[in-house]
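Mind the numbering: the sequence shown is residues 1 to 407 in the UniProt record's numbering, read in order. For each residue, glycine too, the CB sits at the ideal point set by N, CA and C.
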Amino acid sequence: MSASSSAPAALDARSQFLDLLNATLHGNTLVKLVLARHVGADQTLQRIIAKPLQVKGQPCLSLVYRHQTRDITRNLPLEQAQTLVAELLPASFRNAHLFDADGEVQLTFSKKGKPMLQRHGAQAAREAAGSSGHDREKKRYLELSRPFLRDLGVTDAQGALIPSMSRKWKQINKFIEVFDHALASAPVTAQQALRVADFGSGKGYLTFAMHDYLRNNLGREAEVTGVELRQDMVDLCNAAASRLAHPGLVFQCGDVRSVVPEAIEVMIALHACDIATDYAIHTGIRCNAAIIMCSPCCHKQIRPQLHSPGLLQPMLQYGLHLGQQAEMLTDSLRALYLEACGYETKVFEFISLEHTNKNKMILAVKRRQVGDNTALLEKIAQLKAFYGVQEHCLETLLRADGLLPGA
């Protein structure tokens, strides 16, 4: 494609655009379709963003009607979606942008209704798809225009990021990025509805983000539950979920011990203090969750048990180092128990939360096949013996329920 050129047959530009849409849909090359410059009766409607997806094996177009304060999603079969787009151009929208692997095709209508087609290079398509690898800091998994961000105070009335919330915005996107990568390798199907439990949901930033990303970006059915001890936060979040029309998003008062779901696909527990992290991981394993995401803090259980091996005593005589050693040992055992229960586990730095300066995350994704863990359990036993650890809360919980294979 040339950098920018007008279609030779301007009067037939609309037909050309619709033909291109048909070709990208049936050729599986469509990245995104955006209808803008709304001129219809509903003044709250700003644009429609459409992306291809599969619904029960059938190719569809997921159309997100973006209003000033809410979004409405419609998943339509391809033929029905194409008929609708043809009806909306130019009656309701005067601009249309089609992004595919080759670039962008833009259809515009003048005030007199004259159509014009312009083509732009492939870089525009890559930017629209968010797939450019040259500037990862600018990649965003959510858009600032999302209504829940305004309602929760991340953006202002114009959809601009509030400066004091820039760290929170970065954290939200990083969290969704980690989840998105985990989901790609998790043993769940593309059509499977996902049940998510977020323990310690607080004001609901990440809970809303998870629900919004699953439903509006991925077009997946999702039931997301935020669990929080503070009733005022639960009431605030439930009111926001109702006001913003987030079906399938609810908040409950309680914690990981009092709210025990029967089955979930995703378990989240960020800033879970001390053994609350162990109870959360145990819940995820018991519910056979495909993805477990934890950000632990306040490692108190192991430290009193820890006997410094002779060689390490000069280093661990300092309280700070002893605390760091207890933290590393606690989370290493958690990761190893997850491995023993059939999870591929990573421990890495995450953006620190406002509740704590800890910046560690334990991410576990269920393996599709589980092998023999005898050797791993022996290594865990040796590690505990080396440091004199008699009890680890997660191990106790797993053994009580018979969830530690081979133990």
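The C-beta of L152 has 16 or more other C-beta atoms within 10 Å across all chains shown, which makes the residue buried.
Straight across, the Cα-Cα distance linking V260 with A86 is about 49 Å.
Within the DSSP bridge table, the entry for C253 names E228 as partners. Annotation: L53 to L30 spans about 10 Å, alpha carbon to alpha carbon.
With 16 or more other Cβ atoms inside 10 Å of its own Cβ, P115 counts as buried. DSSP places V347 inside the beta strand (DSSP E), whose first and last residues are Y343 to E349. Distance from the Cα of H299 is smallest, within the candidate group L377, P187 and L394, for L394. CA-to-CA, the gap between L78 and L18 works out to about 12 Å. Separation of N95 and L20 (C-alpha to C-alpha, rounded to the nearest whole angstrom) is 15 Å. Assigned with DSSP and collapsed to three states, Q46 falls in strand. With three or more CB-CB distances shorter than 8 Å, the stretch 213-225 counts as touching the stretch 243-256. For R150, the closest of L161, R140, Y141 and L142 by C-alpha to C-alpha distance is L161. Beta-bridge partners assigned by DSSP to P115: F109. With respect to I172, Y205 sits close: the two C-beta atoms are nearer than 7 Å. Ranked by how close their Cα comes to the Cα of S92, the residues L84, F99 and L98 have L84 in first place. When only Cα atoms are considered, D71 and R47 end up about 10 Å apart.
Assignment of G103 by DSSP, reduced to helix, strand and coil, places it in the strand class. About 6 Å separates the beta carbon of H271 from that of S295, a gap short enough to meet the 8 Å contact definition. Of the residues assessed, S242 falls on the exposed side of the cut-off, its CB having fewer than 16 other CB atoms within 10 angstroms.
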